[in-house]
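The structure appears right after this line, and notes come after that.
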Amino acid sequence: MNTLDWLVVGVLCAASLGVGLLCARGASSKGAEGYFTGGRDLPWWAIGFSNAATYQSGNGAFLMITLSFGLCGSWLWWSSWIIWMPLVALVWAPMWRRMQVVTTAELITLRYGGRPAQWARKAYAVVCCCGFAVLLTGYITGFFAKTLAPLVSMSEVQILMLFGGVTVLYTMFGGLVGVVYVDVLQFVILMVGNILFFFLAVGQHGGWDHVLERVGQVRMEGLTQVPPTTSIELLTIVVLIAQGFFFAGSPTAGEGMTAQRFMSARSERQAIGGQLFNTFLSLSLRILPLTGLGLVAMTLFWTKDLSGAAPAGLQTLDDPAYAWGELIKHCNLPAGFVGLLVAAEAAAYMSTLSSIINWGSSFVINDLLPNKGGARSQKEELWASRITSLLLFAASAGVAILFVENMVSWFMFINSAMVIFLLPLAWF
1 MNTLDWLVVG VLCAASLGVG LLCARGASSK GAEGYFTGGR DLPWWAIGFS NAATYQSGNG
61 AFLMITLSFG LCGSWLWWSS WIIWMPLVAL VWAPMWRRMQ VVTTAELITL RYGGRPAQWA
121 RKAYAVVCCC GFAVLLTGYI TGFFAKTLAP LVSMSEVQIL MLFGGVTVLY TMFGGLVGVV
181 YVDVLQFVIL MVGNILFFFL AVGQHGGWDH VLERVGQVRM EGLTQVPPTT SIELLTIVVL
241 IAQGFFFAGS PTAGEGMTAQ RFMSARSERQ AIGGQLFNTF LSLSLRILPL TGLGLVAMTL
301 FWTKDLSGAA PAGLQTLDDP AYAWGELIKH CNLPAGFVGL LVAAEAAAYM STLSSIINWG
361 SSFVINDLLP NKGGARSQKE ELWASRITSL LLFAASAGVA ILFVENMVSW FMFINSAMVI
421 FLLPLAWF
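Residue numbering for the sequence shown follows the numbering used here, beginning at 1 and increasing consecutively.
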């Protein structure tokens, strides 16, 4: 990373901060409900771009999965997502907009009455805020720091303070509107960076035909295997498919941040259109360049988790999470281009972080500390929301620094084990 690279990264951070702060006035004029629902005025295209950016979390994750499992590694998330994402557009998107709620926990008191429902709502809010939000942000933060490690001479804490600090600032003041429209900007940045990197990397490694030929030489099963395999068992795929159907019927609508966008849509039709657009972006467009980069990485790297010795000419990585950064180092890139790629990775991280922080803090303000009888002023509500966002990031940063180590294990935990406790809710 040279001065020009850091300048490019600085421009991204400044642009994200600027867009987020521009939305601060609108966020502060409508109280806590407007802060967390964007005044219920989001168009379908903003919903689609924002949710797709939120799901990205890190470009390096796709390279890690491809390098660890081959092309069939995408089944570890795709087999569930291809089911729940379109079903959610038909089932939950219009319903969330129609109910006029602020959080998914609020549904509990709408559907059930009495004191037990109030306690259940609070318990659900605690799980989502302190469990899901903190663990998710801890995971993506730890992954982001590991991804950048081969490229920047910064500690994990320094990376968190720089990129996390900018994200928290525009999230605190811009509310959901700021988060969503910064997401749109960041999705464009990460797609442009990844597409350009794909063409440059493939061109510098002999062209697409040579890349496929080389993968066939060093690891043919990485191209041809389909589940079940020795590393991805049939039971795993069956469970993930079942999980997709549970997600589609779950009150979280697959992902709680997704439901929050539906609640904030201009209309039910806009909510449905936003989720269908999100499905197209998430399941196809955003992963195409990253899958190609994963194949290029397979011609260069081996990981310790793979069986057998590394073929001749391949570098062994201690952690597959380093693949994205190491691939950049193996390419001869134009001046400032490394900065663009770091900016693209930062965009993926910041978009997810801001969405989770805003979503998690909404449970605290709306469900755990509701403003009964209007005891708090609108200004007090807004500052409580902002401070909660800051504290949520601080807790997740602690998780990232202290606990997030093996990224493949964390990927499986986040995408499978962590959600198992919510799935029975789909039956009620």
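Beta carbons: idealized from backbone N, C-alpha and C, even for Gly. The model shown is predicted, which means the values in this text are computed figures rather than measured ones.
- For Phe132, no alpha helix (DSSP H) encloses it, and the DSSP letter there is neither H nor E.
- For Ala323, the secondary structure class from DSSP, reduced to helix, strand or coil, is helix.
- Between Thr103 and Phe36, the gap from beta carbon to beta carbon is short of 9 Å.
- If only uninterrupted beta strand (DSSP E) runs of at least 3 residues are considered, none is enclosed by the stretch 37 to 86.
- For Leu293, the enclosing alpha helix (DSSP H) starts and ends at Leu288 to Met298.
- For Thr352, no beta strand (DSSP E) segment is defined; the enclosing uninterrupted segment is the alpha helix (DSSP H) at Phe337 to Phe363.
- When rounded, the separation of the alpha-carbon atoms in Phe132 and Tyr139 is 10 Å.
- In the structure shown, the three-state DSSP call for Thr103 is coil.
- A distance below 7 Å between beta-carbons, with the five flanking residues on each side excluded, links Val202 to the following residues of its chain, in chain order: Trp208, Val211, Gly292 and Val296.
- At least 9 Å separates the beta-carbon of Phe143 from that of Gly48.
- When the Cα atoms are used, Phe187 and Arg115 turn out to be separated by approximately 43 Å.
- Residue ranges of uninterrupted alpha helix (DSSP H) with 4 or more members, entirely inside the stretch 213 to 259 and ordered along the chain, are 221 to 224 and 234 to 249.
- In the DSSP annotation of this structure, Leu162 is not part of any alpha helix (DSSP H), being labelled neither H nor E.
- By the Cβ test, the stretch 367 to 376 is in contact with the stretch 118 to 130, since at least three Cβ pairs between them sit closer than 8 Å.
- If you draw a straight line from the Cα of Phe199 to the Cα of Val168, it is about 33 Å long.
- Here Leu90 is exposed, its C-beta having fewer than 16 other C-beta atoms within 10 Å.
- Under DSSP, Thr316 takes part in a beta bridge, and its partners are Trp302.
- Selection Val11, Ala323 and Ile65 evaluated against Phe163 yields Val11 as nearest (Cα-Cα).
- Rounded to whole angstroms, Met1 and Thr236 show a C-alpha spacing of 41 Å.
- Per DSSP, Val152 lies in no alpha helix (DSSP H) segment and is marked neither H nor E.
- Inter-segment contact for the stretch 72 to 88 and the stretch 271 to 290 is present: three or more beta-carbon pairs are separated by less than 8 Å.
- Ala310 carries a coil assignment under DSSP once its states are collapsed to helix, strand and coil.
- If the five residues before and after Glu33 are omitted, its C-beta is found closer than 6 Å to the C-beta atoms of Val102, all from its own chain and listed in chain order.
- Between Leu281 and Trp302, the C-beta spacing is not below 9 Å.
- Here Ala265 carries a strand assignment [DSSP, helix/strand/coil].
- Inclusion of Gly18 and Gln225 in the CB contact set at 9 Å is not warranted, their separation being larger than that value.
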